Amino acid sequence: MHNFIIFVTDLKREKSLNYIAIKGSANTIGNAEEQIENSSIVIQNAIEKAIALL
Numbered sequence: 001m002h003n004f005i006i007f008v009t010d011l012k013r014e015k016s017l018n019y020i021a022i023k024g025s026a027n028t029i030g031n032a033e034e035q036i037e038n039s040s041i042v043i044q045n046a047i048e049k050a051i052a053l054l
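In my numbering, the protein residues as written are 1 to 54.
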């Protein structure tokens, strides 16, 4: 999360930015079964972060 905050701070200085990508991890390495269980919360968190950046 700390790296995300630094990245957002840098974005605020950039006036020519048209888009960014927000990505979240839904499972730990080697444990694909977690993906289905965690996907909805990861998507919700990404949407909230995207809205906060607007």
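Cβ atoms here follow ideal geometry from the backbone N, Cα and C, with glycine treated the same way.
Here the structure is a predicted model, which is why all the values come from computation and not from measurement.
Residues of its chain near Q35, where Cβ-Cβ distance is below 7 Å and the 5 sequence neighbours each way are ignored: For Q35, where only same-chain residues beyond five positions count, the Cβ hits under 7 Å are A26, N27.
Pair within 8 Å by beta-carbon distance, G24 and A50: Their beta carbons are not under 8 Å apart, which means G24 does not touch A50 by this criterion.
Span of the alpha helix (DSSP H), counted from its first residue to its last, around A46: For A46, the enclosing alpha helix (DSSP H) has its first and last residue at 33 to 53.
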